[in-house]
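**Q** I have a structure I would like to understand better, so I am pasting it below and will then ask my questions one at a time.
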Amino acid sequence: MPASLFPPYEDLLRILPEIVLTIAGTLVMVLEPALRPERKRLLGGIAIAGLLVALWGTAVANLFRGPAFHQMVVVDGFATFFRALVIVVGILAVLCSIHYLQRERPDSGEYYALVLFSVVGQSVMAAANELIMIFIGLEISSIATYVLAGYLRDDRRNNESAIKYFLLGSFATAFLLYGIAWIYGAAGTTNLVEIRRVLSTPELAPPRFLVGVSAALMFVGFAFKVSAAPFQVWAPDVYQGAPAPVTAFMSAGPKAAAFAIFLRVYMTAFEPISNRWEPVVWLSALATMFVGNFAALLQNNIKRLLAYSSIAHAGYVMVAVSAHSEIGTAAAMFYLAAYAFMNVGAFAVVTHFARQGEKYVDVDDLAGLGHRQPVTAALFSIFLLSLIGIPLTGGFFGKFYIFKAALEAKLYWLTVIGLLNSAVAAYYYLRILVVMYFHEPGEAAQTVSPVAPGVKIALWASAAGTLLLGIFPSVILDFADRSAALMK
Amino acid sequence: MLLLLTLLPFAAAAVVAPLWSRAHRFAAGISVLVPLGTAVALLSLAPAVWRGEPLLEPHAWAPSVGVSLSFHLDGLSLLFSLLISGIGALVLLYSQGYLHGSPNLGRFCATLLFFMGSMLGVVLANNLVALFVFWELTSFSSYLLIGFESSRLKARNAALQALLVTGIGGLALLAGAVLLALAAGSYEITEVLAAGGLRQHALYLPILLLILGAAFTKSAQFPFHFWLPSAMEAPAPVSAYLHSATMVKAGVYLLARLNPALGGGAEWPLLLGLFGGATMLIGVVVAFFKNDLKQILAYSTIGVLGTLVLMIGVGTPDAFKAMAAYLLAHALYKGSLFLMSGAVDHETGTRDIGELSGLRRAMPLTAAVALIAAVSMAGLPPTLGFIGKELLYESANHAPAYAWLVTAALAVNGAILFAVAAMAGYKPFAGPLRSPKPPHEAPWTLWTAPGVAAVLGLVLGLAPRAAESAIRSAASAVAGAPVSVELSLFHGFNLPLLLTAAGVIVGGLLYIYRSRIAGLAPRSAPVTAGGVYDRLLAALVGFAALQTRWLQSGYLRAYLKIIILTAVLLGGYALLTRNAAAAALSVSDARFHELIVGGLILAGTIATVRARSRMISVAAVGAVGVGVSLIFVLFGAPDLAMTQLTIEALTVVLLVFVFHHLPDFSLKSRRPVRVLDVALCATAGVFMGALVLAAGAERPWPSISSYFTDNSRDLAGGRNVVNVILTDFRGLDTFGEITVLAIAGIGVYALLRLNMDEIRRREGARTAPSEAAIPAATTAPDRETP
Amino acid sequence: MHPVTNVHYMVLSVALLLVGTIGVLTRRNIVIILMSIELILNAVNINLVAFSHHFGDVHGQVFAIFVIAVAAAETTVALGILIALFRNKETVLADEVDLLKW
């Protein structure tokens, strides 16, 4: 044990991204009242700068791998991967938001602070190695996201989205918390590594069913946050109602972070009882893919369609989780990265196209976009093709890796069903492509304005990410592979 | 080199489309010269391959998952890639005339080049995943090309149908490829073929079924054949290139490629023979009853694809030889017939053979080309088609099992095919001139391309030695062992020649009495694969609608119910591990004040959820909080109790503030719903009760650590353990906690931010004071925690 | 030995949880649903403190403090959202919030 309880300087470096982001968030809040409404976009710049510095901080923290603060957080490849991922998602979301905010609610800047704090929470989740830390990270991220979902307070859709998200979310978190309380009661510790040690030491092992019940209750909370069936119910309503850039943000960042803690808890602490939770995850993966893909088939509201599709994609990641192996973990990581790019990209297009008051959010409104704005349409096509899983996009390697992991874990049926599901999914994504390219331009496409600079950067960056992961997957794949072995 | 050859068409595609509007001739030149150059380059590599020295070229791609971009050029891939590049050059040349003046010609050529690159990738790839990647790219470019005339709904639907069918097949290929790699230990095809023992592997049957699923969908085998006739919505060059000469043969290629690894055994010949044979007969019979020139050709293509699959199923070196020869012959004659049908359509405005005759007078060159191709299709000497067909009969006659059945089926096929060839290549051109609009000879681009292909079929028939090495090395690659091939036009008077003669007579009679026989055929089949597809799609959509309405009702409380129900089910499942638990619980030895506190909490709880007045509700929540803090005191946690009390007071104050705004309660849900809810709650209760009883029955479980209590004084210099932990051991948590509270403050600020003008305008002054109070109140917990 | 065992507190906690769940399920007013969730969090706290006492390990108490504070933050945000909703829609009944569905 260290002689002094003052945190060693390495420990501080290990949470450098969180420190940077908190400072940036505070800075935004302090400057916010001082700026005139038309200068508020400066705050967006500060937010992006903060996120970029935090990205650098992540790299610095990665040099000091290891546990910090009495094992509460741990910096390993896994943590670094997810930290970088949620920060990048944050950057893309802020880029989409600048123009959107000026359009919808020009008088506010605390939006950026909320995004920054939400990223802090997700970053904490990525590195948390202990249930209390996980809970706090989750709450930091969630509370900020609840508010963001209802940010346009005069819009009824926003109100409804926020209230549904909040009530269902806090209810599910209550279950998670109850599960944590029981596992604390059963194992006497909240540290994941310790829990694992206790569970796998016969003379210390608490009653199995108690551990099982805790794992089940915690599953409710985690499955809710990743929108896995049957806890996906909130996602379509909330995604549809929230402001488009917020939807882009919360469908990628918080989801990735939630998967991070899900994986960490179930792959370390609950690994000794894996034969008990594997069937549950298996069933959930199955149901998630079905519910998401089939509901998306009929959707005409594009935000809702993408919401269902995001449920389906969570289903694919759940397939990787149920593989319960290091390659499964790596597959989930890679998929979440690919998914983040393609999904944020798709929502960025929606942000751009929806216009004032999110007027144009139907698939049919996109008619003829391919003729009006060929570049935007081409970028959108890249995202859609990646969501389908067409080769040369990140979505393809993601799916391939997941199904490979599943087959190696002998999950033959789940793989077959997953493959069939991705065929069903192709149908609704292609419908968008068809409408965009093959239909005559309608009113919405005729009046579309040029892409705002922020959104443009976000679009190009997402497309670049999607293609990079599809053409040179090794860049991320190898890192994911090396990071999949969690501290045990 | 092979990588370059594969990527070149992609690069050309990327260049051609944007260049088209600026330098039309230059772009057109590129789009014809690239496939031509590829063909020449392949020919320069050919001698070595034919000598038996295949080319292997590995490139790393994603080594950690075993995916590489390695290429392999052996006899089989050489035959295919020569067809792909050679016919590609012809088709691109033809397209310049066929779509002359169309504003989309640039896009069309670019897509064709893209397809060509993908198809080359399929046949050259030596890695299963790379093969799949290119395979999907061909499906995708086929989708774009079928839907090229996108303003027509039929074209769009056909494109989607083709993509869905071949796409699902592609996914089967992916699964099959991964399983195959698992079984063989490598993703490299050459290593898979060398692995051996795959037929005994436990995964053999799943692999086989998945691979067959992929091949059958792609190569339009029964019952997945329906997409191919629909795909005839595409422009003629596409039909010629993708849907007869190359892409639809990808399935055949896959089967041929994997034959050394998966072939033999009992299942392989049976399945291939059965499906191939059925497809062959269905295809050719349906073709016979069609009137649309392209439909006739499409169904006869299905028939030929069936024949090729059947031959792989027969599995003798002779059969592979026949397959290779027939494949080459078919690509040449069918490609040229499709292109020719496009020229006819282009000039006359119809493809209905009932409305056409005597076109030879107006379009002599086109007619000559069509006739040569049709002779090859009918299997008459002196064409390559004849040689191929003779080889088919020969190998069927010596098939290891059911030789008579295979021979009979092939003979029937041959006879009908003769009639079909006459319908397609003779009928429109013979007799008196009849056409909806006066035809002219097609421009040179429209007849040179089919002409070259048709004449090549004739030349190779006359000088079969020229094709010998290509066919020999292809057949050897399929067999996995050297096969000797000697081609000649005349094999002597034997059974095949007899069958050919009989075929000509029967086929001729069929052709002559066609209108009478056609009258006998039912108008439409009661069950068609296409109809099944439509109904499946409709059922899928209906199911989707039902499921979504039911699950995503939009009602908050329905969602809550789903969460609770699942949580209870999950918990119940977890509890099932334990045998019935005997409770070791007795209330009698509780101390009096503890009972009081417990009672207070429960009463408050029940009052909270049952109260009809909101103030009583709030008071009850407060009471529960006070009760809980008393419990904390009982457990010797006074600081916790203080926190709880403060927060409780704050919550009550907040709630009272909010109630100031809100209307009175309207109470509970309707009664029938409530009964259900209560039932759900009761289930939840039973689960919870069981949990506690089970927990109580356990002996006290071991305690882990008291490290913090032992160390707090020495290390952190504090007396209050909780405080020490909050500030020192758990400094990071506390930091996070403060962040939570700060966010809550910001959040409420964002949501309710004072904007006096707006509020006055919208709601009057009534709401203003309490809104000011809430953000102010939230900052309080910040100071509370430490 | 202490006359009231851990199990008694577990029973109390489970009872709170159950009543909270019933409240969430049967009440239509969003504020009451919110209060019911508060009850569940209290149930968690009782469990945490009981276990903490049992182990002689103060971690549980510390965790309880975090839960209390988070609960307060959640309530605040929820009420903020609720007031925004009420200003636009004049309702706090869960069943009337159904703009977004299917």
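Chains as they are written, first to last, in this note's numbering: chain Z, 43 to 530; chain B, 2 to 787; chain R, 136 to 237. Idealized CB from N, CA, C, for every residue including glycine.
Please state whether DSSP places Trp21 of chain B in a helix, a strand or coil.
**A** Sequence index remark: in the second sequence, residue 21 of chain B carries index 20 (1-based). Trp21 of chain B: coil per DSSP, three-state reduction.
**Q** Let me check understanding here. Comparing Cα to Cα, which of Z:Ala465, Z:Gly436 and Z:Leu475 lies closest to Leu511 of chain Z?
**A** For the purposes of this step, residue 511 of chain Z is taken as residue 469 along the first sequence, with counting starting at 1. Nearest of Z:Ala465, Z:Gly436 and Z:Leu475 to Leu511 of chain Z, Cα basis: Z:Gly436.
**Q** Hey, Leu340 of chain B and Tyr95 of chain B: beta-carbon distance below 7 Å or not?
**A** Reading the second sequence from its first residue, position 339 is the one you call residue 340 of chain B. Reading the second sequence from its first residue, position 94 is the one you call residue 95 of chain B. It is a contact, given that the beta carbons lie within the stated cut-off.
**Q** Are Ile474 of chain Z and Val405 of chain Z close, meaning C-beta to C-beta below 7 Å?
**A** Translated into the one-based positions of the first sequence, residue 474 of chain Z becomes position 432. Translated into the one-based positions of the first sequence, residue 405 of chain Z becomes position 363. A contact, by the Cβ cut-off of 7 Å.
**Q** Residues of chain R with CB closer than 7 Å to the CB of Phe633 of chain B, please, in chain order.
**A** Stepping through the second sequence from its first residue, residue 633 of chain B is reached at position 632. Going along chain R in sequence order, the residues near Phe633 of chain B (Cβ under 7 Å) are Val184.
**Q** Distance, Cα to Cα, Trp51 of chain B vs Ala323 of chain B?
**A** For the purposes of this step, residue 51 of chain B is identified with residue 50 of the second sequence, where counting begins at 1. For the purposes of this step, residue 323 of chain B is identified with residue 322 of the second sequence, where counting begins at 1. Between Trp51 of chain B and Ala323 of chain B, the C-alpha separation is close to 18 Å.
**Q** Anything in chain R within Cβ reach of Gln144 of chain Z, meaning under 7 Å, just list it in chain order.
**A** Within the first sequence, the letter at position 102 stands for residue 144 of chain Z. Neighbours of Gln144 of chain Z on chain R: none; closest Cβ ~21 Å, over 7 Å.
**Q** Step through the CB atoms of chain D and report whether any lies within less than 7 Å of the CB of Asn223 of chain R.
**A** In the structure shown, chain D does not exist; the protein chains are Z, B and R.
**Q** Against chain R, which members of the stretch 543 to 571 of chain B pass a CB distance test of less than 8 Å?
**A** Thr549, Arg550, Gln553, Ser554, Gly555, Tyr556, Leu557, Arg558, Leu561, Lys562 and Ile565
**Q** CB Ala232 of chain B to CB Ile303 of chain B, shorter than 7 Å?
**A** Taking the second sequence and counting its residues from 1, the one referred to as residue 232 of chain B is at position 231. Taking the second sequence and counting its residues from 1, the one referred to as residue 303 of chain B is at position 302. Not a contact, by the Cβ cut-off of 7 Å.
**Q** Return yes when the Cβ of Leu259 of chain Z is within less than 7 Å of the Cβ of Phe312 of chain Z, no when it is not.
**A** In the first sequence, residue 312 of chain Z corresponds to position 270, counting from 1. In the first sequence, residue 259 of chain Z corresponds to position 217, counting from 1. No.
**Q** Does the beta carbon of Leu586 of chain B come closer than 7 Å to any beta carbon on chain R?
**A** Numbered from its first residue, the second sequence carries residue 586 of chain B at position 585. With a pLDDT of 38 at Leu586 of chain B, under the threshold of 50, the modelled position of that residue is not reliable, and no figure is offered here.
**Q** To which residues does DSSP link Leu228 of chain R through a beta bridge?
**A** Along the third sequence, read from residue 1 onward, the residue named residue 228 of chain R stands at position 93. Beta-bridge pairing links Leu228 of chain R to R:Asn164.
**Q** Is DSSP giving Phe72 of chain B helix, strand or coil here?
**A** The residue given as residue 72 of chain B occupies position 71 in the second sequence. If DSSP states are grouped into helix, strand and coil, Phe72 of chain B belongs with the strands.
**Q** Just by C-beta distance, which residues in the stretch 181 to 201 of chain Z are closer than 7 Å to chain R?
**A** Taken in chain order, the members of the stretch 181 to 201 of chain Z whose beta-carbon sits within less than 7 Å of a beta-carbon on chain R are Glu181, Ile185, Tyr188, Val189, Gly192, Arg195, Asp196, Arg198, Arg199 and Asn201.
**Q** Going along the chain, which residues of its own chain have a beta-carbon closer than 6 Å to the beta-carbon of Gly278 of chain B, five neighbours each way excluded?
**A** The residue you call residue 278 of chain B lines up with position 277 of the second sequence. Only Leu311 and Ala410 meet the Cβ criterion.
**Q** Got a sec: is the Cβ-Cβ distance from Ile157 of chain R to anything in chain Z below 7 Å?
**A** Taking the first residue of the third sequence as position 1, residue 157 of chain R is located at position 22. Cβ-Cβ to chain Z under 7 Å: no for Ile157 of chain R.
**Q** Helix, strand or coil for Ala170 of chain Z per DSSP?
**A** As a position in the first sequence, residue 170 of chain Z is number 128, starting the count at 1. Reduced to three states, the DSSP call for Ala170 of chain Z is strand.
**Q** Short check: CB of Ala338 of chain Z to CB of Ser351 of chain Z, under 7 Å?
**A** Along the first sequence, one-based indexing puts residue 338 of chain Z at 296. Along the first sequence, one-based indexing puts residue 351 of chain Z at 309. Result yes, Cβ atoms of Ala338 of chain Z and Ser351 of chain Z sit closer than 7 Å.
**Q** Report the three-state DSSP secondary structure of Glu487 of chain B (helix, strand or coil).
**A** The residue given as residue 487 of chain B occupies position 486 in the second sequence. It is coil, neither helix nor strand.
**Q** Hey, does Gly215 of chain R have any beta-carbon neighbour from chain B nearer than 7 Å?
**A** Translated into positions along the third sequence, residue 215 of chain R becomes position 80. By this cut-off, Gly215 of chain R is an interface position.
**Q** Between Ser213 of chain Z and chain R, is there a C-beta pair that is closer than 7 Å?
**A** The count along the first sequence starts at 1 and reaches residue 213 of chain Z at position 171. Residue 213 of chain Z is actually Phe in this sequence, not Ser. Yes - at least one Cβ of chain R is within 7 Å of the one on Phe213 of chain Z.
**Q** Under 7 Å between beta-carbons, which chain Z residues line up against Asp192 of chain R? List them in chain order, please.
**A** For the purposes of this step, residue 192 of chain R is taken as the residue at position 57 of the third sequence. Near Asp192 of chain R (Cβ distances below 7 Å), the residues of chain Z are Gly230.
**Q** Strictly by DSSP, which residues pair up with Asn343 of chain Z?
**A** As a position in the first sequence, residue 343 of chain Z is number 301, starting the count at 1. Note: Asn343 of chain Z sits in a beta bridge opposite Z:Asp404.
**Q** Taking beta-carbon pairs under 7 Å, can you tell me which members of the stretch 66 to 80 of chain Z lie near chain B?
**A** Met71
**Q** How many Å lie between Phe442 of chain Z and Val598 of chain B at the Cα?
**A** Start at 1 with the first residue of the first sequence, and residue 442 of chain Z comes out as number 400. Start at 1 with the first residue of the second sequence, and residue 598 of chain B comes out as number 597. The straight-line gap from Cα to Cα measures roughly 58 Å.
**Q** Looking only at C-alpha atoms, which of Z:Tyr454, Z:Ile518, Z:Tyr193 and Z:Ala126 sits nearest to Leu328 of chain Z?
**A** Position 286 of the first sequence, counted from the first residue, corresponds to residue 328 of chain Z. It is Z:Tyr454.
**Q** Just the C-alpha distance for Met384 of chain Z and Ser428 of chain Z, rounded to the nearest angstrom, thanks.
**A** Counting from one through the first sequence, the residue named residue 384 of chain Z turns up at place 342. Counting from one through the first sequence, the residue named residue 428 of chain Z turns up at place 386. Cα-Cα distance, rounded: 7 Å.
**Q** I'd like the span of the alpha helix (DSSP H) that includes Pro270 of chain B, first residue to last.
**A** Taking the second sequence and counting its residues from 1, the one referred to as residue 270 of chain B is at position 269. Here the alpha helix (DSSP H) through Pro270 of chain B covers Glu268 to Phe290.
**Q** Which whole runs of the beta strand (DSSP E) in the stretch 138 to 223 of chain B are 3 residues long or more, in chain order?
**A** Counting only runs of 3 or more, we get nothing.
**Q** Run through the DSSP bridge pairs and tell me what Leu57 of chain B is partnered with.
**A** Your numbering for residue 57 of chain B matches position 56 in the second sequence. Answer is B:His73, bridged to Leu57 of chain B.
**Q** Drop a sphere of 10 angstroms on the beta-carbon of His143 of chain R, count the other beta-carbons inside from all chains shown, and report buried for 16 or more, exposed for fewer.
**A** Locating residue 143 of chain R in the third sequence gives position 8, counting from the first residue. By the neighbour-count rule (16 or more Cβ atoms within 10 Å), His143 of chain R is buried.
**Q** Where Leu655 of chain B and Ala176 of chain B are concerned, what is the direct C-alpha to C-alpha distance, given to the nearest angstrom?
**A** As a first step, residue 655 of chain B is located in the second sequence; it is residue number 654 there, counting from the start. As a first step, residue 176 of chain B is located in the second sequence; it is residue number 175 there, counting from the start. Approximately 57 Å, taken between the alpha carbons.
**Q** Between the beta-carbon of Gly295 of chain Z and the beta-carbon of Val131 of chain Z, is there less than 7 Å?
**A** Mapped onto the first sequence, residue 295 of chain Z falls at position 253. Mapped onto the first sequence, residue 131 of chain Z falls at position 89. Yes, these two residues count as a Cβ contact at 7 Å.
**Q** Checking contacts by CB at 7 Å: is Thr740 of chain B closer than that to chain Z?
**A** In the second sequence, counting from the first residue as 1, residue 740 of chain B sits at position 739. Yes, because at least one Cβ of chain Z sits closer than 7 Å to the Cβ of Thr740 of chain B.
**Q** If you pair each beta-carbon of the stretch 394 to 412 of chain Z with each one of the stretch 483 to 492 of chain Z, do three or more pairs fall below 8 Å?
**A** Segments in contact, yes.
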